[in-house]
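Asker:
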Amino acid sequence: MAATGSNVEEIRNLVVLEEFGVKNVHTTDFPGNYPGFQDGWDMKTFQKNFRIDVVHLDENNIEFDMVGIDAAIANAFRRILLAEVPTMAIEKVFIYNNTSIVQDEVLAHRLGLVPIKADPRLFEYKNIAEEFGEQEASEIDTIQLQLKIKCSRNPRASKESSDPRELYLNHIVYSKDINWVPLGNQADVFADSRIGAVHDDIVIAQLRPGQELDVVMHCVKGIGKDHAKFSPVATASYRLLPDITLMEQVEGEKAERLKRCFSRGVIDLEDVRGKKVAKVVNSRLDTCSREVLRHKDLKNLVKLGRVRDHFIFTIESTGSLPADVLMQEAIKVLMAKCQMLLNELSSAGTQ
Amino acid sequence: MAGDGEKKPKLEMVQADGAQEDCVTFVMHDEDHTLGNSLRYMIMKNPDVDFCGYTITHPSESKINFRIQTRGGVPAVEPLQKGLSDLHQVCQHVLNTFQVPPRRHFLVSVCPLQLKQKKGKKRNLKAGGSVPGASGPPPHKPDQNNEGGVGNG
Numbered sequence: 001m002a003a004t005g006s007n008v009e010e011i012r013n014l015v016v017l018e019e020f021g022v023k024n025v026h027t028t029d030f031p032g033n034y035p036g037f038q039d040g041w042d043m044k045t046f047q048k049n050f051r052i053d054v055v056h057l058d059e060n061n062i063e064f065d066m067v068g069i070d071a072a073i074a075n076a077f078r079r080i081l082l083a084e085v086p087t088m089a090i091e092k093v094f095i096y097n098n099t100s101i102v103q104d105e106v107l108a109h110r111l112g113l114v115p116i117k118a119d120p121r122l123f124e125y126k127n128i129a130e131e132f133g134e135q136e137a138s139e140i141d142t143i144q145l146q147l148k149i150k151c152s153r154n155p156r157a158s159k160e161s162s163d164p165r166e167l168y169l170n171h172i173v174y175s176k177d178i179n180w181v182p183l184g185n186q187a188d189v190f191a192d193s194r195i196g197a198v199h200d201d202i203v204i205a206q207l208r209p210g211q212e213l214d215v216v217m218h219c220v221k222g223i224g225k226d227h228a229k230f231s232p233v234a235t236a237s238y239r240l241l242p243d244i245t246l247m248e249q250v251e252g253e254k255a256e257r258l259k260r261c262f263s264r265g266v267i268d269l270e271d272v273r274g275k276k277v278a279k280v281v282n283s284r285l286d287t288c289s290r291e292v293l294r295h296k297d298l299k300n301l302v303k304l305g306r307v308r309d310h311f312i313f314t315i316e317s318t319g320s321l322p323a324d325v326l327m328q329e330a331i332k333v334l335m336a337k338c339q340m341l342l343n344e345l346s347s348a349g350t351q
Numbered sequence: 001m002a003g004d005g006e007k008k009p010k011l012e013m014v015q016a017d018g019a020q021e022d023c024v025t026f027v028m029h030d031e032d033h034t035l036g037n038s039l040r041y042m043i044m045k046n047p048d049v050d051f052c053g054y055t056i057t058h059p060s061e062s063k064i065n066f067r068i069q070t071r072g073g074v075p076a077v078e079p080l081q082k083g084l085s086d087l088h089q090v091c092q093h094v095l096n097t098f099q100v101p102p103r104r105h106f107l108v109s110v111c112p113l114q115l116k117q118k119k120g121k122k123r124n125l126k127a128g129g130s131v132p133g134a135s136g137p138p139p140h141k142p143d144q145n146n147e148g149g150v151g152n153g
């Protein structure tokens, strides 16, 4: 960990990609590691250097840069998004009738995985004491849904038709067939929000004439740690910003080849007095394939790395909450963890 | 996750017989790398700390052993407390930064990527900033006023 003068900054700030491995992977800027550096925690410095740039935002997706934070904390946010931000999902399925070919337990599992559009912040966790006796579902912790559908022959189908879409009615059960049955005062409280499946076109089962489904479902609040169906995100990931440095001027045929070693848009060729000179224009677009290191004459002209504290987050929501709200919820979950332990510490101290 | 009632403490202190209070292992129940690693980072940033590390005792036990050793006779509880409140402050700052309306962010974001935005469907992140930790109704209503796109030009 001891570093010599000139490359200290590089060791601290850059994860270096080399031909046969990755260098300077770990965070090393702790007090005592580098003479002459004040590496103790300083809130002011953090607040000065930290920034978030939202790059893309739509209904279910967000991409943003989180700069000036350590991987340990960025990773905590990512892990919380996957496993600890609550959502509502179907937990209990009461099957009154199921004459389809889908077995009851398979049907129940399929229903459980359907994303539910309902704001989990407006519900409570269902009481755990429930295991010791059947507890009534209440309006504060449960959403009741119903799926009642029967397949029949289409009387208006033509004689020679063999297309099930024409021959039968209701032969495919979609998630849009699931109806919300408000409990207690839910009809008033959630009057302007449409509770139900996020997507209308999820196939739940296929039926033939005479077969039917009659099912009541209870959705409860839960977290992804307990079951993946509660996970609020399709993906939540980050990558580090790629960093490409040209060590000397690259021109002519070499420049052309250098350009082709990287993803499109990373390297541009500029015309300098009739010569084509390579220039890094947008290293962010690079996939870090390290193709350039396979070229013997080029590999010493570039330095590849990733910026240690520049995280490019991508969050894709399953639709229960918008992606930006999920991020805010994740931050609050980590805060709640800290607060809980702080309370625990102070209560232990007073005893 | 679901614990068995609230009798069990979330945090325990384990010390070897005769050990000073500057070498302590804390047992945190129902925690994992999420808190373990981020808290370890914050505590290792403290110059009073000689050693800080954590381990997940067994994959089927949901607890971590969190070890702190300090310099100069400082009780190990102090850096833990400082680490937790620092981490809390960091989260608060991240949350505050994130809640700033994106309008300003777009101006400083990487130029070529702005082109990736789709037409329409742009929403303001709770424009006007709002109260962190508010537990009111869902604050995310698609914002209608696009005002001819954000940050183009």
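Just so you know, the protein sequences line up as chains V and Y, in that order.
The opening position of the first sequence corresponds to residue 1 in UniProt numbering, with each subsequent residue numbered one higher.
The opening position of the second sequence corresponds to residue 1 in UniProt numbering, with each subsequent residue numbered one higher.
Cβ atoms here follow ideal geometry from the backbone N, Cα and C, with glycine treated the same way.
Less than 8 angstroms between CB atoms is the rule here; does Leu11 (chain Y) satisfy it with respect to chain V?
Answerer: Yes, its Cβ sits closer than 8 angstroms to a Cβ of chain V.
Asker: Please confirm whether Gln89 (chain Y) has its beta-carbon closer than 8 angstroms to some beta-carbon of chain V.
Answerer: At least one chain V Cβ lies under 8 angstroms of Gln89 (chain Y).
Asker: Could you please give me the residues that DSSP links to Arg121 (chain V) through a beta bridge?
Answerer: DSSP output for Arg121 (chain V) lists no bridge partner at all.
Asker: Pick from V:Phe262, V:Phe123, V:Met340: whose alpha carbon is nearest that of Gly222 (chain V)?
Answerer: Nearest of V:Phe262, V:Phe123, V:Met340 to Gly222 (chain V), Cα basis: V:Phe123.
Asker: In chain order, what residues of the same chain lie with their CB nearer than 6 angstroms to the CB of Gln339 (chain V), ignoring the 5 residues before and after it?
Answerer: Closer than 6 angstroms at Cβ, skipping near neighbours: no residue.
Asker: Taking 8 angstroms as the CB-CB limit, is Ser60 (chain Y) close to chain V?
Answerer: Not closer than 8 angstroms to any Cβ of chain V, the Cβ of Ser60 (chain Y) fails to qualify, so no.
Asker: Compare the C-beta of Asn46 (chain Y) against all C-beta atoms of chain V and say whether one is closer than 8 angstroms.
Answerer: Interface residue, yes.
Asker: Starting from His29 (chain Y), follow its DSSP beta bridges and name the residues at the other end.
Answerer: Beta-bridge pairing links His29 (chain Y) to Y:Lys63.
Asker: From the DSSP secondary-structure annotation, give me the bridge partner or partners of Glu18 (chain V).
Answerer: DSSP lists V:Gly21 as partners of Glu18 (chain V).
Asker: Which runs of the beta strand (DSSP E) spanning at least 3 residues fall entirely within the region 132-218 of chain V, listed in chain order?
Answerer: Listed in chain order, the complete beta strand (DSSP E) runs (minimum 3 residues) inside the region 132-218 of chain V are 143-150, 172-174, 179-181, 203-206.
Asker: Distance check for Met66 (chain V) and Leu10 (chain V), CA to CA, integer angstroms please.
Answerer: What sits at residue 10 (chain V) in the sequence shown is Glu, not Leu. Using only the alpha carbons, I get a separation of about 20 angstroms.
Asker: State whether the region 299-316 of chain V contacts the region 53-61 of chain V, with contact taken as three or more CB pairs (one from each stretch) at a distance under 8 angstroms.
Answerer: Touching, yes, given that three or more Cβ pairs across the two stretches are closer than 8 angstroms.
Asker: For chain Y, check one thing: does any of its Cβ atoms lie closer than 8 angstroms to the Cβ of Cys219 (chain V)?
Answerer: So, not an interface residue.
Asker: So, Val250 (chain V) versus Leu81 (chain V), is the Cβ gap smaller than 8 angstroms?
Answerer: Contact flag unset, no.
Asker: I need the straight-line Cα distance from Ser346 (chain V) to Ala16 (chain Y), nearest angstrom please.
Answerer: Roughly 22 angstroms separates the two Cα atoms.
Asker: Ile244 (chain V): buried (16+ other C-beta within 10 angstroms of its C-beta) or exposed?
Answerer: Ile244 (chain V) comes out buried.
Asker: Are the C-beta of Arg40 (chain Y) and some C-beta of chain V separated by less than 8 angstroms?
Answerer: Judged by the 8 angstroms Cβ criterion, Arg40 (chain Y) is in contact with chain V.
Asker: Candidates V:Ala236, V:Ser289, V:Val272: which alpha carbon is nearest Leu258 (chain V)'s?
Answerer: When each option's Cα is compared against that of Leu258 (chain V), the closest is V:Ser289.
Asker: State buried or exposed for Met43 (chain V), treating a residue as buried only when at least 16 other CB atoms are found within 10 Å of its CB.
Answerer: So Met43 (chain V) counts as exposed.
Asker: Residues of chain Y with CB closer than 8 angstroms to the CB of Phe50 (chain V), please, in chain order.
Answerer: Under the 8 angstroms cutoff, chain Y gives His93, Val94, Thr97.
Asker: Let's test the definition: count the other Cβ atoms within 10 Å of the Cβ of Lys275 (chain V) and tell me whether it reaches 16, buried, or not, exposed.
Answerer: Lys275 (chain V) should be labelled exposed.
Asker: Do we get a CB-CB distance below 8 angstroms when we pair Thr55 (chain Y) with the residues of chain V?
Answerer: Cβ-Cβ to chain V under 8 angstroms: no for Thr55 (chain Y).
Asker: Any beta carbon from chain V within less than 8 angstroms of Ala127 (chain Y)'s own beta carbon?
Answerer: At Ala127 (chain Y), the pLDDT of 38 sits below 50, so the modelled position is not reliable; the number obtained from the coordinates is stated separately. Taking Cβ atoms only, chain V never reaches closer than 8 angstroms to Ala127 (chain Y), which makes this a no.
Asker: Which residue wins for smallest C-alpha separation from Gly73 (chain Y), given the options Y:Cys23, Y:Cys52, Y:Met13?
Answerer: The shortest Cα separation from Gly73 (chain Y) among Y:Cys23, Y:Cys52, Y:Met13 belongs to Y:Cys23.
Asker: Have a look at the DSSP bridge pairing and note the partners of residue 369 (chain V).
Answerer: What the structure shows of chain V is the stretch from 1 to 351, and residue 369 (chain V) is not part of that stretch, so it cannot be assessed.
Asker: Does residue 354 (chain V) come out as helix, strand or coil in the three-state DSSP assignment?
Answerer: Nothing about residue 354 (chain V) can be read from this structure; chain V reaches only from 1 to 351.
Asker: Can you tell me the Cα-Cα spacing of Ile149 (chain V) and Asn179 (chain V), whole angstroms?
Answerer: Their backbone Cα atoms lie some 11 angstroms apart in a straight line.
Asker: So Thr287 (chain V) and Ser263 (chain V) are supposed to be a Cβ contact under 8 angstroms. How far apart are they, rounded?
Answerer: Going by Cβ atoms, the distance from Thr287 (chain V) to Ser263 (chain V) rounds to 5 angstroms, so yes, they are a contact pair.
Asker: Quick one: using the 10 Å Cβ neighbour count with 16 as the cut-off for buried, is Ser130 (chain Y) buried or exposed?
Answerer: Annotation note: pLDDT 40 at Ser130 (chain Y) (below 50); position unreliable, no value reported.
Asker: Are the C-beta of Gln81 (chain Y) and some C-beta of chain V separated by less than 8 angstroms?
Answerer: Yes, Gln81 (chain Y) lies at the interface with chain V (some Cβ there is under 8 angstroms from its Cβ).
Asker: Going by other Cβ atoms of all chains shown within 10 Å of its Cβ, with 16 needed for buried, is Pro112 (chain Y) buried or exposed?
Answerer: Unreliable positioning characterises Pro112 (chain Y) in this predicted model, as indicated by a pLDDT of 42, which lies under 50. A coordinate reading is not provided.
Asker: In chain V, what lies closer than 8 angstroms to Asn37 (chain Y) by C-beta?
Answerer: Per Cβ cutoff of 8 angstroms: Ala72, Asn75, Ala76.
Asker: Assuming Met43 (chain V) is part of the alpha helix (DSSP H), what are its boundary residues?
Answerer: Segment 43-49, the alpha helix (DSSP H) holding Met43 (chain V).
Asker: Since I believe Ala89 (chain V) is in contact with Glu229 (chain V) (beta carbons under 8 angstroms), could you give me their beta-carbon distance rounded to a whole number of angstroms?
Answerer: Checking the sequence shown, residue 229 (chain V) turns out to be Lys, not Glu. With a Cβ gap of about 4 angstroms, Lys229 (chain V) and Ala89 (chain V) count as contacting.
Asker: For the candidate residues V:Gly252, V:Gly112, V:Ile73, V:Leu241, whose alpha-carbon lies nearest to that of Val16 (chain V)?
Answerer: For the residues V:Gly252, V:Gly112, V:Ile73, V:Leu241, the minimum Cα distance to Val16 (chain V) belongs to V:Leu241.
Asker: Indicate whether Tyr168 (chain V) and Asn154 (chain V) have their beta-carbon atoms separated by less than 8 angstroms.
Answerer: Cβ distance < 8 angstroms, so Tyr168 (chain V) and Asn154 (chain V) count as in contact.
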